[in-house]
Structure formats: structure tokens, C-alpha cells
Amino acid sequence: MQSLPQVYNDHHKAILYGSAAAVRILAAVAFPGLPDTLSLRAELATPVNSFKRLQEGLFLYQRGLDPYNGGIFHQAPLLLPLFSLLPSPAFASGTLLSVLLYTGLDLLVAECLYYIAQSGAAYISRRYRSPRHDRTWTPASVAAIYLFNPYTLLTCLARPTSVFATFFTLLSVSHACQARTATAAFALAIASYISLHPALLLPPVGLLCYDRLCLLQHQGRDATSNGAAIEKPTSTKIAHDQRLQARPLELTLRFSGIYLATFLLLLTLSRLLLPSWSFMPSVYLTPLTLPDLTPNSGLWWYFFTEMFDAFRSFFLGVFWLHMLSYSVPFCLRLNRQPLAAVVLIMGVLAIFEPYANAGDAGVWLSCLCLLSHLFELSSSHRYTFPALATLLYATLLGPAFHHLWIYAGSGNANFFYAITLVWSLALLVLLADTLYAALRDEYEAEVPEAKGREIRQV
Amino acid sequence: MKLSTLLALPAALTTTLLTHALSTPSTPPESYTENLHLLPLPSGYLYAGFNFTASTALSAYTSQHFRYFPRSLGQILQYSRTEELHLRFAWGRWDEGSWGSRPRGGRREGGTGVEIWAWLDAGGDGGGGQDGDGGGGGLEERWSALVNSLSGLFCASLNFVDGTKTTRPVLTFEAEGSLGAGRGGRNGSLQLLHGMLPNEVVCTENLTPFLKLLPCKGKAGISSLLDGHKVFDANWQSMSIDVRTVCDSKHEGEGEAGDCRIEIEQTVDMVMDIERSMRPRDDPIPRPRPIEEIVCDESKHYHGHDTCYPQRREGEMAWSLSKIFGSPVRGGCHLAADDGGEEQAYDISLEVPSDRTVDLSIGGRQVASPNANVRRFELPEQGTFDLSLPQESISAQSPLTPPPLFASRQLTGHGQERGGMHTILRNPHPYPQRIVYLESLPWFLRPYMHTLQIAGGGASIEKMYYTPALDRKRGTHLELLLTLPADSTVELRYDVEKASLRYTEYPPDANRGFDVAPAVIRILSSSPSEQQRQQQQQQQEMEGQDSSYYLRTTSLLLPLPTPDFSMPYNVIILTSTVIALGFGSIFNFLVRRFALPEEVPPAPVVVLARRVGERIRGIIGAVRRGGGVGRDGDGSRSSGKEGEVLMDGKGKGLNGGHLANGDTRVWEGKKDR
């Protein structure tokens with residue numbers, strides 16, 4: 001009996017990963033129809049990541065046709081050779097194998113989250129140390145939140161290809177936390193290649209890389225007093241900045257250079273696979289112009305269903321400018337907490353992306369746990385509980401209202417639309433609360449007497 | 001009519017002379033024939049098939065000499081460089097179970113609505129010299145010119161056959177004539193384009209221009225029977241127009257224009273309910289017949305003096321042409337005979353068992369026929385012609401030709417998100433058949449071809465042509481070459497997804513759904529028994545056409561998810577509000593910094609407001625003090641509220657002098673009392 005806790009203490013990660021994998025595989029085995037049912041849900045599968053559409057693309061690809069010469073398949077070309085290795089999911093074994101693949105991906109994502117949480121990038125940076133750094137959750141619990149998040153579980157069974165983008169995004173972030181510029185840029189390029197939006201993470205991930213690099217170099221130089229450097233970041237700030245004066249530009253060039261080179265390399269590889277460049281508009285213009293208005297959990301589809309034709313391109317431009325408008329301001333304001341900037345921009349993408357899905361939102365909610373030291377602030381000063389309650393409400397009512405509209409016919413499109421509005425609103429409130437908490441934490445580090453007091457904004 | 005005849009005559013004569021000098025073609029280039037085939041079908045239906053064929057020498061046609069060929073159509077075809085045109089207007093369903101094989105092998109019928117396919121010259125300016133200035137653009141432009149012109153000519157919505165409804169079938173259609181004959185046998189640049197409009201309602205406005213194309217314009221000959229009320233009251237009707245170039249086979253290789261002629265074949269096929277059609281026109285409402293006229297079945301046990309079970313009709317129904325079509329045939333339309341050409345053999349043929357009585361009106365003439373079951377009649381030049389058959393019991397029923405294939409297609413599944421397409425093909429014959437299955441789906445129906453399954457009977461796909469749909473640009477084109485084993489039922493199914501459209505793309509009756517064009521099935525060849533093959537060959541020789549049989553399924557109704565059409569403004573406002581809320585609260589945090597309450601310097605507005613408040617307070621105080629004086633005076637006069645005034649003076653007063661003054665006044669006032 002005593003050995004059990006000991007096993008748990010020694011191998012908690014293995015137990016965690018093992019149980020997460022077991023849950024997924026058991027769900028797929030016990031309910032053989034579940035993966036296929038979930039892969040058709042509008043909330044999980046969108047036109048740009050649906051597993052069924054991927055199968056259609058594969059079908060055309062394997063028969064030598066151009067899969068992008070049609071309105072169904074809009075996913076990255078390099079996924080085709082990868083998935084053509086798997087047996088057809090028309091049979092139970094194929095379905096199970098694909099679930100296994102996605103389970104593996106989920107474990108890798110959890111591993112990335114584990115490393116990010118372990119690196120401490122959330123609360124220690126070059127010029128900043130959170131006064132709440134002791135309140136952060138253990139890496140294993142962050143990974144556990146990701147692995148047992150119901151959104152993640154459902155996404156794993158629904159098998160959208162956006163999980164690949166998620167994995168490469170988090171891989172890039174975890175490499176950035178270890179100050180590996182080249183691999184971070186490389187992974188981010190792959191993520192952008194798969195679903196385009198992670199390109200907006202370029203500035204914050206670059207900032208994170210720079211920050212971690214400076215911190216690690218400083219730690220390396222002051223190897224004798226490793227802890228002191230972290231404890232008194234403000235005192236050594238000026239000296240560091242002078243020593244590292246030449247670095248930011250060089251790093252930016254290197255980072256974006258590797259990013260661009262990888263992206264171009266991937267495009268070239270795709271072109272070699274396919275008969276024409278037609279994949280470019282099909283993969284990258286579809287999220288930009290929204291030709292397919294299949295309902296999803298985001299804000300775009302109903303807006304552009306109801307939009308007057310004359311204003312369609314104008315509002316597409318406005319929506320894209322709006323998404324672009326977050327990246328740089330977040331980096332400027334949160335330059336002392338680059339990981340918070342990364343997580344918040346991931347949230348912006350999950351809420352405002354054209355083909356939003358619950359999977360991306362679930363990943364973002366799990367990533368929020370990386371900033372777990374801020375929860376105290378956001379829950380005591382902001383609206384975290386109402387937002388979470390609303391999220392739960394939207395999660396339960398969303399599928400019900402979708403059913404009422406599409407199948408029962410007793411409700412109309414406004415039912416589902418209203419729920420997507422509520423869902424986005426709840427996520428937005430969470431995003432704003434986290435931003436508040438991050439900024440307040442930074443403020444309290446400067447002004448310790450503000451702790452627990454009411455403060456004003458000027 | 002006369003003038004054009006005079007003008008066209010020299011050209012026609014020269015062509016005729018020329019062709020006669022070169023060779024002796026079996027058919028003269030200028031000809032016009034028309035005939036009507038009548039066939040009573042089981043359970044009180046009558047099939048009537050009208051056929052009008054006119055032809056003109058190709059050389060005359062290219063030099064704009066039209067004789068029997070309609071000029072309006074000819075010019076459209078020349079402008080759009082169309083070599084062969086097939087146009088169909090159809091409505092209703094041919095009941096294969098009870099009516100047997102389709103008339104004309106299904107080659108002259110279309111899917112529900114309007115169907116068009118044509119071979120157009122895709123080349124640039126090459127060979128287009130004689131076409132005038134028109135059609136200089138690309139193939140799409142010419143196709144668009146063709147469908148738009150035909151739309152005007154036939155009062156049909158053919159102009160809606162745009163890129164999303166146009167497909168290019170590979171196997172399903174074959175040119176009936178010799179393509180490229182007009183351009184020196186060069187047919188490499190010819191392209192087949194095919195379009196369907198399943199939601200088009202075919203009606204009188206399409207029949208009138210159709211009749212206008214005929215030389216007798218529906219005034220004489222069998223076309224005088226075609227009346228919109230009757231044609232569109234039929235259970236099934238199909239109008240077709242086919243234009244093709246026919247060349248003499250020995251000269252085809254040389255491709256001399258003089259040997260070829262352009263032929264237009266117009267047909268109207270319909271199946272009428274005899275009883276329904278024979279209702280008197282002035283009283284079309286069906287009413288119960290008076291009891292005296294009904295023959296009762298007295299063998300029923302419930303037969304009594306007040307109950308009557310009508311006796312089952314015995315034998316064939318009585319009918320006559322004038323009753324079914326509303327009027328008798330008004331004279332003949334023997335134009336070829338007037339020109340000294342070959343006289344046409346007959347006008348009307350009636351396929352009834354040989355022992356059935358047929359009464360002819362005066363003037364009509366029965367002519368010899370090779371088959372005893374088919375009687376042929378000739379129309380009189382003047383006067384009317386009628387044909388009537390009494391009610392009779394005929395023992396010998398003419399057997400129905402069994403259809404080569406049964407096909408049905410339906411959308412499965414429920415809900416407006418996704419479903420399945422399900423086609424059942426049944427081969428009732430003891431020999432395998434090869435078929436081509438063509439489907440052209442609108443772009444908003446997204447088929448998943450990886451789910452395509454063929455179940456039952458061991459059928460296999462030999463070839464598959466698939467062009468996926470592009471949103472708002474192109475529809476799906478699917479063509480399958482299948483072999484159906486003997487006596488088998490084959491099911492073809494695949495999953496489809498129903499797209500959500502922009503709200504402006506829905507028709508006004510959005511919740512009715514969208515029409516999906518019928519599937520076209522072509523039976524390529526079968527290996528029937530020897531006897532059937534001979535029969536087929538005979539038929540083939542008779543009609544001079546290939547032996548493939550066409551068959552179309554019914555069109556489908558596709559419900560799509562609909563948005564709420566009443567609230568574009570609300571949606572724009574609500575979504576924008578949510579986005580603005582997020583944007584506002586995020587940038588509120590990003591652009592402002594935190595401060596402790598005591599650090600916060602008062603905002604200029606607050607300072608200003610405070611100052612204004614102080615001043616106002618001062619003024620109020622002053623006014624109140626002033627007012628107190630006034631009221632004191634009033635009080636003193638109106639003998640009122642001493643206590644109140646006193647309080648006021650005490651409470652507010654800071655200036656001692658005034659207070660004293662007030663007090664004294666109050667006091668004085670009191671004293672006054």
C-alpha cells in the first residue's frame with residue numbers, strides 16, 4: 001500500500017500521460033462511432049481543419065488529382081503524404097490509428113506545456129520577477145489541465161488538423177523558453193504553414209526568445225550567484241542592456257530569417273508534391289476571404305452571412321486589421337512578461353479567428369494555466385467566475401441550439417448565433433481579466449503597497 | 001413567307017443542282033417532314049409524339065439562306081458558332097413501371113425543367129470567317145451568348161445557365177451529326193457544354209416560340225393540335241429541339257460543305273390522361289356523373305338501390321383526336337410536296353392492335369404500313385381531320401417494351417447540415433449492361449467522393465470522371481462508367497454536405513429548398529439475346545441513330561440551412577458590439593497605467609466641475625439669502641411662516657450684518673402682527 005504513493009511521486013508524469021492516453025483510447029474503443037460523430041460537429045471541425053475534408057483531399061491526392069482544385073479541401077499540402085501513410089479511417093482500425101496519432105500529438109503538446117511551465121518564463125524575465133512567483137502551479141498540473149480538459153479530449157477524438165498547428169505553436173514557445181531561437185522560429189513557421197494565424201505570434205515569440213536569451217546569458221555569466229541575478233533583476237538591468245545592445249536587431253533578423261526560410265521551404269516542398277500553385281489561394285486565401293460560411297463557434301460566419309455584398313470586402317478588411325492590431329501593442333505593453341503576451345495573443349487568435357473552433361479555445365484555456373500565478377488577481381478583482389459560468393452555459397447550450405436550428409427546425413439561426421456571441425464574450429472577458437492581472441502583477445512588483453488595495457487607471 | 005421563299009429558292013436550287021451533280025444523296029437537302037405517333041398506354045393514358053424535321057443545305061445555311069430552317073435560331077447558332085445544339089423542356093415523370101420503355105429511346109427528352117447541351121467552337125478566329133463579327137471571344141463567352149439568346153428566343157430562364165451550372169461531360173453525350181463539317185472536317189476545337197435548370201417551370205410561353213419555329217407555325221398540319229392548355233395538362237411532356245449537321249457518309253472524310261445539310265428536329269412528346277383530357281372545355285370541373293349514367297357492379301354484396309359500385313371499365317377507352325386535343329387537325333402541312341421534293345409517306349401513325357376499330361373523318365386517308373399494328377394516315381390538304389376510336393374490348397394487347405433499366409435517386413438523412421445521395425439502379429434483364437452515370441450537382445451541395453460506395457450485385461466502376469465544385473464558380477461534375485451485372489440491383493451512395501450561403505444568395509422562397517438537377521444515365525450497350533439485338537438493329541436502322549438509351553432520374557429538392565433574413569442590421573450591430581467590447585476593454589488596459597487612488601491627480605474635468613460646483617453653490621447661497629429677504633418681505637405681508645424664515649436666516653446666515661438685519665425684519669414682521 002505504501003508503494004502506491006511512492007510510485008505516484010516518482011513517476012507522476014508517466015502516470016499522467018498514461019492515464020490521459022488511456023482515456024482517449026478507451027473512449028474511441030468503447031464508443032466506436034464517437035470519433036466520426038465528433039469529427040462532424042460544427043463546433044469542433046471547421047472547413048479549414050475538418051478530418052472528413054482531409055479524407056476527401058486525400059482521396060483526390062491519391063488518385064493524382066489536384067485536391068485544391070475544388071471547394072472542399074483547404075488544409076496544408078504536407079498533411080497529405082503524412083495521412084496517406086495511415087490506413088483508411090473507413091475501417092475501425094484506421095479510426096483507431098488516427099485517434100492514436102492524435103493522442104500522441106496531445107501528449108507532445110502536454111510535454112511542451114510542461115517544459116514551458118518548468119522554465120518559469122511566466123514569472124521571471126530579464127527585467128521582472130513576479131511577486132507571486134511562489135503561487136504558480138506545478139508543471140504536471142498544467143499538463144494535466146491540458147490533457148483532461150474536456151475540449152481537448154473532444155478535439156482529440158474529432159481529429160481536426162489544427163491540432164498540428166497547436167503542437168507546433170507550443171513547441172515553438174517551449175523552444176523559445178529555452179532560448180533556442182532557430183528551432184522556435186522553425187516550429188512557428190510550420191505552425192503558420194499549417195494554419196496561417198500563428199504568424200501573428202511572431203513578435204511575441206521573438207520577444208520571448210530575446211528575453212530568455214538575455215536571462216540565460218546573464219545567468220551563465222554570473223554562474224556563481226545564479227540566484228542573485230533573479231532576485232535583483234532591476235538592479236542589474238541597466239548593465240545588461242548595455243552589454244546586450246547589439247543583440248536585438250541581430251536576433252530579430254535571425255529569427256525572422258529562419259522563419260521566412262522555413263516557410264518558403266515548406267511551400268516549395270508542397271509545390272513539389274502538387275501539380276500547381278493552386279494550393280496557395282485555397283489554403284491561405286480561404287481564411288482571409290471566408291468563402292465557406294459553415295457555422296462555427298466564432299464571430300465571423302454569421303456576420304458575413306448577413307453582410308451586404310457591397311460591404312463584404314470592407315468588413316473583411318476591418319476584421320483582419322482588428323486581428324492584426326493586437327500583436328504589437330501586447331508586445332510593447334507586456335515586454336517584461338513575454339510569455340503572458342504569447343498566451344494572450346493565442347487567446348486573441350482563438351476568439352477572433354475566422355474559422356474558430358472549441359478546440360483552439362480549449363488549448364488557450366489550458367495555456368492560461370501557465371499564468372496560474374495571476375489567477376489570484378483575476379479572480380479577486382475581476383469577473384472570472386461569471387465568465388467561466390457563461391462559458392459552461394455556452395458549452396451546454398451551443399450544441400442544443402445547433403440541433404434546434406439544423407435538425408429539429410424549431411429554432412432558427414439566431415439561436416446558435418446568440419450562443420456563439422455569448423461564448424466569444426465569455427472568452428473575451430477571460431482575456432481582458434488575464435491582461436488586467438498581468439498588468440496589475442507588474443504594477444504591484446513596482447509598488448508593493450498597492451497589493452490588495454483598490455487601484456485606479458490613468 | 002412568299003418573299004423569303006422566292007429569295008431562298010435560287011440558292012436552294014443551285015445547291016440542289018450542285019449536290020446532284022456531285023453525287024446523288026439519299027435525302028434532298030431541302031426537306032420538311034412532320035408526323036405524329038399515337039400509342040394508347042395501359043390504364044387510360046395516351047402517348048402522343050410529334051416530330052417535325054426540317055433540313056437545309058449547309059452551304060445555304062452558311063450564306064444565310066434559310067428555307068425551312070428557322071432564321072431566328074440559325075442566326076443565333078451562327079453567331080455563337082454552335083455546331084450542334086440540343087435543347088429540352090420537360091415536365092412530369094415517365095412511369096416506366098406501367099408505360100414501359102421510354103419513347104425514342106429517351107434520346108429526345110430532358111430532365112425536369114430545361115436542359116441544354118451543345119458543341120461550340122472553342123478556337124480563336126480560325127474558321128470563323130463566315131460567322132461574321134460575332135463570337136470573337138472565348139468559349140465561355142460564346143456559350144453565354146448562346147444561352148442568353150436562346151433565353152430570349154424561348155422565354156426561358158436559360159440565361160441562368162452560368163459557370164456554376166455548366167459541365168463538360170466526357171462520356172454521356174455523343175454528337176449525332178458530323179461535327180466540324182462546316183469547317184473542313186476540323187472538329188478538334190469543338191467543345192461540349194451541358195447545362196440544366198431543374199427549377200424552370202415549362203409552360204405556354206415556351207411552347208409558343210417553339211411553334212413559331214415551324215414552317216406552318218401551328219396553323220396547319222399536326223402542329224395545329226398543340227395547344228398550351230392541353231400540352232401542359234399532360235402527365236408527362238417533353239419538348240426538344242435538336243440541330244445537327246448531317247453529311248453523306250462517303251463524303252464525310254472530304255468534308256465538302258455541299259454534301260452536308262443542317263437538320264433541325266423538333267419533337268413534342270407527351271402522355272395524357274385520356275379521361276382528364278376529354279373533359280369538356282367549357283366545364284372542366286370534374287363532377288360526379290348522374291347515377292343513371294353509371295354502370296353499377298351489381299355483384300357486390302352492398303349493391304342496393306341507393307349505393308352503386310361503378311363497374312370496372314372493360315377494354316379500351318373511347319377517344320378521338322378532337323376531344324383529346326380540343327380541336328381536330330386543320331389541314332396538312334405538306335411543304336416538301338409543294339417544292340417538288342420527296343413526298344412524305346404519312347402524317348399520323350397510330351399504334352393499336354389490328355382488330356381495333358378506327359373511324360376516320362372525311363378527307364383522311366389511310367396509307368400502307370409495314371406493320372399491321374401500326375396504321376398510317378395522311379392528312380387532307382384542306383379541311384379538318386379527325387380520328388376516333390370507340391370503346392372496345394380487345395383481347396390481344398400489344399405488349400409493352402420493357403425498359404432496359406430502372407433508376408431512382410434520392411437524398412437521404414435528415415437535418416440541413418449533411419445527408420447522403422442514394423441512387424438505385426436495377427437491371428431487370430438477364431444480361432449485363434454498361435452504363436454511364438452523369439451527375440451535375442450545384443456547388444452548394446458538397447459531395448464527399450471518398451465515401452462513394454457501390455453496393456450490391458458486384459458492379460464495378462470502370463472509369464470515373466470527377467470535377468469537384470468550386471464555391472460560387474463551378475458545380476460538381478461526376479461521370480461514372482459502370483457495368484451492371486445481369487438481374488441486379490446496384491446502389492450508389494455517397495455523403496454530401498449542405499453549404500450555408502450568404503443571405504443574398506437564397507431565393508425568395510428559401511425554405512422551399514433548392515432543386516438539384518436529375519442524373520442522366522446512358523445505357524451504352526447491352527448484350528441482349530439474339531432476337532432483341534435484331535430488334536434493336538431494326539430500330540436503329542429505322543431511326544438512323546445510335547442504339548444508346550437515355551434515362552433521367554427525377555430532380556431532387558435540397559433544403560439548405562437558412563439564416564434569419566430579417567436581421568442583417570441586428571447581426572452587424574451585435575457582432576460589432578461584442579468585438580468593440582473586447583477591443584475596448586483590452587486597449588483600455590494597454591494604454592492606461594495603474595495608480596493608487598491617492599496618487600491620482602484629479603482630472604481637469606473634475607477640477608473644472610468642482611470649481612463650477614463651488615461657484616454654483618455660492619450663487620445658490622447668495623440667491624437663497626436674497627430670496628430669504630424677499631420671502632421675509634412676503635411673509636411679513638401675507639402673514640405667513642415666521643418660524644421657517646427664522647430658521648432659514650439662522651441656518652444660512654454667515655454675514656452677521658445681514659443676519660441681524662433679517663432678524664430684525666422678522667421681528668418687525670412679528671411685531672406687525
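Protein sequence lines correspond, in order, to chains A and B. Counting in full-length UniProt numbering, the first sequence runs from 1 upward without gaps. Counting in full-length UniProt numbering, the second sequence runs from 1 upward without gaps. Where a beta carbon is used, it is the ideal one built from N, C-alpha and C, also for glycine. On a predicted model such as this, the values are computed, not experimentally measured, just so you know.
* Looking at the C-beta of B/Ser240, does it have a partner C-beta in chain A at a distance below 8 Å? -> Not an interface residue.
* To do: Verify the CB distance criterion: does A/Leu388 have a CB-CB separation below 8 Å to chain B?
  => For A/Leu388, the answer is no, since every Cβ of chain B falls outside 8 Å of its Cβ.
* To do: Give the DSSP bridge partners of B/Lys219, in chain order.
  => Looking at the DSSP assignment, B/Lys219 forms no beta bridge with any residue, so it has no partner.
* To do: Along the alpha helix (DSSP H) that carries B/Ile116, what are the first and last residues, could you check?
  => No alpha helix (DSSP H) holds B/Ile116; the beta strand (DSSP E) holding it covers 113-121.
* Give every residue of the same chain whose Cβ lies closer than 6 Å to the Cβ of A/Cys112, excluding the five residues on either side of it in the sequence, and list them in chain order. => Closer than 6 Å at the Cβ level, and outside the excluded window around A/Cys112, lie Leu170, Leu171, Ser174.
* Taking only beta-carbon positions, decide if B/Asp494 is within less than 8 Å of chain A. => The residue asked about is misnamed: residue 494 of chain B is Tyr in this sequence, not Asp. Against chain A, the CB of B/Tyr494 has no partner CB under 8 Å away; the residue lies outside that interface.
* Since B/Asp471 meets chain A, which of its residues come closer than 7 Å, beta carbon to beta carbon? -> Simply Gly71, Pro291, Asp292.
* Asked: So what's A/Ala388 in DSSP terms, helix, strand or just coil?
  -> The sequence given here places Leu at residue 388 of chain A; Ala does not occur at that position. Annotated three-state conformation of A/Leu388 is helix, per DSSP.
* Compare the C-beta of A/Lys13 with all C-beta atoms of chain C and state if any pair is closer than 8 Å. => Any reference to chain C falls outside this structure, whose protein chains are A and B.
* Along the alpha helix (DSSP H) that carries A/Pro338, what are the first and last residues, could you check? => According to the DSSP assignment, A/Pro338 belongs to the alpha helix (DSSP H) that extends over 338-352.
* Check the C-beta distance from B/Ala175 over to B/Trp117 and give it rounded, since I have them as a contact under 8 Å. => With a Cβ gap of about 10 Å, B/Ala175 and B/Trp117 do not count as contacting.
* Closer than 9 Å, Cβ to any Cβ of chain B: which residues of the stretch 340-362 of chain A, in chain order? -> Of all residues in the stretch 340-362 of chain A, only Leu344, Val348, Ile351, Phe352 come within less than 9 Å of chain B when Cβ atoms are compared, listed by chain position.
* Can you tell me the Cβ-Cβ gap for B/Glu34 and B/Asp347, rounded? I've got them flagged as a contact below 8 Å. => Their Cβ separation, rounded to whole angstroms, is 7 Å, which keeps B/Glu34 and B/Asp347 in contact under 8 Å.
* Asked: Counting only beta-carbon atoms, is B/Thr167 nearer than 8 Å to chain A?
  -> B/Thr167 does not count as touching chain A.
* For the stretch 591-602 of chain B against the stretch 447-458 of chain A, are there 3 or more C-beta pairs whose distance is under 8 Å? -> Touching, per the Cβ criterion.
* Asked: Residues of chain B with CB under 7 Å from A/Glu454, in chain order?
  -> Pro597, listed in chain order.
* To do: Give, in chain order, every residue of the stretch 296-308 of chain A whose Cβ lies closer than 8 Å to some Cβ of chain B.
  => Taking 8 Å as the cut-off between beta carbons, the residues of the stretch 296-308 of chain A near chain B are Leu299, Trp301, Tyr302, Phe303, Phe304, Thr305, Glu306, Met307, Phe308, in sequence order.
* For A/Thr286, which of A/Ser195, A/Cys177, A/Tyr146 has the nearest alpha-carbon? -> Nearest of A/Ser195, A/Cys177, A/Tyr146 to A/Thr286, Cα basis: A/Ser195.
* Reducing DSSP to helix, strand and coil, say where B/His37 ends up. => If DSSP states are grouped into helix, strand and coil, B/His37 belongs with the strands.
* **Whole-number beta carbon distance between A/Gly94 and A/Leu101, since they are thought to touch under 8 Å** => With 8 Å as the limit, A/Leu101 and A/Gly94 do not qualify as a contact, their Cβ atoms being about 11 Å apart.
* **Residues, ordered as in the chain, of the stretch 105-123 of chain B that lie near chain A by beta-carbon distance below 8 Å** => So the list is empty, because no residue satisfies the distance condition.
* Mark A/Tyr17 as exposed unless 16 or more other C-beta atoms lie within 10 angstroms of its C-beta, in which case mark it buried. => The residue is buried, with at least 16 neighbouring Cβ atoms inside 10 Å.
* Close Cβ partners of A/Met346 (< 8 Å) along its chain, the five nearest in sequence each way excluded -> In chain order, Thr169, Leu201, Val363, Trp364, Cys367 place their CB closer than 8 Å to the CB of A/Met346, counting only its own chain and leaving out the 5 sequence neighbours on each side.
* Asked: Along chain A, which residues have their Cβ under 8 Å away from the Cβ of B/Val578?
  -> Those are Leu299, Leu421, Ser424, Leu425, Leu428, listed as they occur along chain A.
* Local Cβ density within 10 Å of A/Tyr8, reported as buried at 16 or more and exposed below that -> Around the Cβ of A/Tyr8, a 10 Å sphere holds fewer than 16 other Cβ atoms; the residue is exposed.
* **Interface flag, B/Trp236 vs chain A, CB-CB below 8 Å** => False, the Cβ-Cβ gap to chain A never drops below 8 Å.
* Would you verify that the beta carbon of B/Ser500 is, or is not, closer than 8 Å to some beta carbon of chain A? => Yes, B/Ser500 counts as interfacial toward chain A.
* **Rounded C-alpha distance that separates B/Leu36 from B/Ser555** => Taking the straight line from one Cα to the other gives about 28 Å.
* **Neighbour flag for A/Lys451 against chain B, beta carbons, 8 Å** => Closer than 8 Å: no.
* First and last residue of the alpha helix (DSSP H) that includes A/Val29? -> Its alpha helix (DSSP H) spans residues 12-30.
* Asked: Hey, how far is the Cα of B/Asp282 from the Cα of B/Glu293?
  -> Distance between the alpha carbons of B/Asp282 and B/Glu293 is about 20 Å.
* Boundaries of the beta strand (DSSP E) in which B/Glu378 is found, first to last residue -> Where B/Glu378 is concerned, the enclosing beta strand (DSSP E) stretches over 374-378.
* Asked: Where do the ends of the beta strand (DSSP E) carrying A/Asn414 lie?
  -> Boundaries around A/Asn414 are those of the alpha helix (DSSP H), 413-446, since no beta strand (DSSP E) includes it.
* Looking at C-beta atoms only, is the number of pairs between the stretch 83-101 of chain B and the stretch 51-58 of chain B that lie closer than 8 Å three or more? -> When Cβ pairs closer than 8 Å are counted between the two stretches, the stretch 83-101 of chain B is seen not to touch the stretch 51-58 of chain B, the count staying below three.
* Asked: By the criterion of Cβ-Cβ separation under 7 Å, what are the contact partners of B/Tyr448 in chain A?
  -> Listed along chain A are Lys52, Glu56, each with a C-beta nearer than 7 Å to that of B/Tyr448.
* Asked: Which residue's Cα is closest to the Cα of A/Ser125: A/Ala340, A/Tyr417, A/Phe416?
  -> Of the candidates A/Ala340, A/Tyr417, A/Phe416, the one whose C-alpha sits nearest the C-alpha of A/Ser125 is A/Ala340.
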